[in-house]
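Number of protein chains: 2
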Amino acid sequence: MSLRYALLGLLAEEPASGYDLAGKFERNLRRYAWHAQQSQIYPELNRLAADGLATLVEQGPRGRRTYAITDAGRIELRRWILDPNDEPIVRNEHTLKLFLLSTLDSQEARQVLQQQAESSLKEHERLRAAIDEASHTGQPPVALFAAELGARYFQTVHEWALWALERLDNT
Amino acid sequence: MSLRYALLGLLAEEPASGYDLAGKFERNLRRYAWHAQQSQIYPELNRLAADGLATLVEQGPRGRRTYAITDAGRIELRRWILDPNDEPIVRNEHTLKLFLLSTLDSQEARQVLQQQAESSLKEHERLRAAIDEASHTGQPPVALFAAELGARYFQTVHEWALWALERLDNT
DNA sequence: TCCTCCATGTAACATGTTACATGATTTC
DNA sequence: GAAATCATGTAACATGTTACATGGAGGA
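As you go down the protein sequences, you meet chains A and B in turn.
When we follow the numbering used here, the leftmost residue of the first sequence carries the number 1, and every step to the right adds one.
When we follow the numbering used here, the leftmost residue of the second sequence carries the number 1001, and every step to the right adds one.
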């Protein structure tokens, strides 16, 4: 059901069409939090509307349908976020590969770690720049918490990869 | 297909039964890397064997069936790990909730952040203790890389949650 | 006019979840 | 002898993926 709440959460920020939501998933959620395809989003949006958690607020050009969250939707969303689920679902292909590093020989492991060190540094810098830029726009601080977590996460992965490479060399 | 490679990876470390693999998922992978149910593992193990990537090596009491990875399995596993997939799948219910924090009022956000600060500290300490204990057993350093990443990850989340709480209070 | 992007959807298939079914072995 | 744990599986259902289908609007 997480997809449902991800959509509800995005709609809680501002009204949006399925197309908009697919873009937000792609830009904001896919890399860290939740992956969803466009073909999943449209049917779920319609179910959300059928269940009274979202409502169609505008029809635009090219058949564009803009939805907003309803009061019932906000209540349901809040309930879900505040519910302390101690067995949340985690699936991360990247991390899985890092867990399986010990099945490679050390030259191959080095290759994976080097790729990792590079890509996490790049992600870190991209997020830092985005945060810098957004911090001038007068948003409430909470709006940048997620980006800050992302930036710190990629920095951690970067530092870890360098540490692991060093340990591998001293063997 | 990630489940398939997760199983192959675990079998690359040592031969195991479906029951063993379910336990390894639960203890090692579920929280950070990949989630899988016991009811998914058994059929996939059988498919792995049918495809020649794993092979039945022992039948024990209570119908226990121990599998080992084959050479073809190792090749396939290595191919997958080394393949730099730049759009890996990420699904993390926990992180998703953190991304939706800005849809809550500040008192509710504080509540979520406090829970988060606490649970990440606990996880961090648990992993540090496990690493400490394992570091005396003379394993190759690479065997502890994943645990180290996990420990650093939870420390990062912990520090971030404290930082976010502070920022929330200064508003 | 052509190309790109906007925009919504469906169908077939693969993967993942929940609930159930069954029984052996070990430990207290 | 009762309870916990080991052990493998299936069936019905929910969720997610890939490929396809369709067409409007805006800019070069």
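Quick reminder that beta carbons are idealized off the backbone N, C-alpha and C, glycines included.
Predicted, not measured: the structure shown is a model, and the values here were computed from it.
Using DSSP with H/G/I as helix, E/B as strand and the rest coil, what is residue i?
| i | result |
| --- | --- |
| B/T1095 | helix |
| A/E44 | helix |
| A/A22 | helix |
| B/A1054 | strand |
| A/Y67 | strand |
| A/S102 | helix |
| A/Q59 | strand |
| A/S135 | coil |
| B/A1033 | coil |
What is the C-beta distance between residue i and residue j, in whole angstroms, given that I count them as a contact (C-beta under 8 Å)?
| i | j | result |
| --- | --- | --- |
| B/S1102 | B/V1157 | At roughly 17 Å, the Cβ-Cβ gap does not stay under 8 Å, so B/S1102 and B/V1157 are not in contact. |
| A/A22 | A/I41 | 5 Å |
| B/F1099 | A/L29 | 6 Å |
| A/A117 | A/A161 | 4 Å |
| A/V142 | B/A1109 | 6 Å |
| A/Y153 | A/L77 | Actually they do not touch by this definition, with Cβ atoms about 24 Å apart. |
| A/N92 | B/N1092 | 7 Å |
Can you pull the chain A neighbours of residue i, defined as C-beta to C-beta under 8 Å?
| i | result |
| --- | --- |
| B/S1039 | Going along chain A, no residue has its Cβ under 8 Å from B/S1039, so there is no contact; the nearest lies around 15 Å. |
| B/Y1032 | V90, N92, T95, F99 |
| B/H1136 | Chain A residues near B/H1136: none, gap ~16 Å exceeds 8 Å. |
| B/E1148 | W160, W163, A164 |
| B/P1084 | Q115 |
| B/G1009 | L96, F99, L100, T103 |
| B/L1029 | L96, F99 |
Use the C-beta contact count for residue i: other C-beta atoms within 10 angstroms, 16 or more gives buried, fewer gives exposed.
| i | result |
| --- | --- |
| A/H136 | exposed |
| A/Q50 | Here residue 50 of chain A turns out to be Ala, not Gln, going by the sequence shown. Under this definition A/A50 is an exposed residue. |
| A/A151 | buried |
| A/K122 | exposed |
| A/G60 | exposed |
| A/E44 | buried |
| A/I81 | buried |
| B/G1073 | buried |
| A/G63 | exposed |
| A/E13 | exposed |
| A/S39 | exposed |
| A/G52 | exposed |
| A/G138 | exposed |
Residues of chain A with a CB under 9 Å from the CB of residue i: which are they?
| i | result |
| --- | --- |
| B/E1188 | Because chain B here runs from 1001 to 1171, residue 1188 of chain B falls outside it and cannot be looked at. |
| B/V1142 | L101, S102, L104, S106, A109, A164, R167, L168, T171 |
Please list the partners that residue i has in chain A, where partner means a Cβ-to-Cβ separation under 7 Å.
| i | result |
| --- | --- |
| B/I1081 | K97, L100, L104, V112 |
| B/R1062 | What B/R1062 touches in chain A: nothing, since even the nearest Cβ is about 27 Å away. |
| B/T1156 | R152, Y153, T156 |
Find the residues of chain B that neighbour residue i, judging by a C-beta separation of less than 8 Å, and give them in chain order.
| i | result |
| --- | --- |
| A/S2 | R1091, E1093, L1096 |
| A/L245 | Limits of chain A in this structure are 1 at one end and 171 at the other, which puts residue 245 of chain A out of reach. |
Closer than 7 Å by beta-carbon distance: list the chain B residues that pair up with residue i, in chain order.
| i | result |
| --- | --- |
| A/T6 | The identity of residue 6 of chain A in the sequence shown is Ala, whereas the question assumes Thr. Correct list: L1096. |
| A/H35 | I1089, V1090, R1091 |
| A/F25 | Neighbours of A/F25 on chain B: none; closest Cβ ~11 Å, over 7 Å. |
Checklist entry - When the Cβ atoms of the stretch 110-130 of chain A are set against those of the stretch 162-170 of chain A, are three or more pairs found closer than 8 Å? => result The way I'd put it, the stretch 110-130 of chain A does touch the stretch 162-170 of chain A; three or more beta-carbon pairs between them come closer than 8 Å.
Checklist entry - Is the stretch 1062-1069 of chain B touching the stretch 1123-1131 of chain B, taking contact as three or more C-beta pairs under 8 Å? => result The count of Cβ pairs closer than 8 Å, one atom from the stretch 1062-1069 of chain B and one from the stretch 1123-1131 of chain B, stays below three, leaving the stretches out of contact.
Item to check | Contact the stretch 32-42 of chain A vs the stretch 1083-1096 of chain B: 3+ CB pairs below 8 Å | outcome: Taking 8 Å as the limit for Cβ pairs, the verdict is that the stretch 1083-1096 of chain B does touch the stretch 32-42 of chain A.
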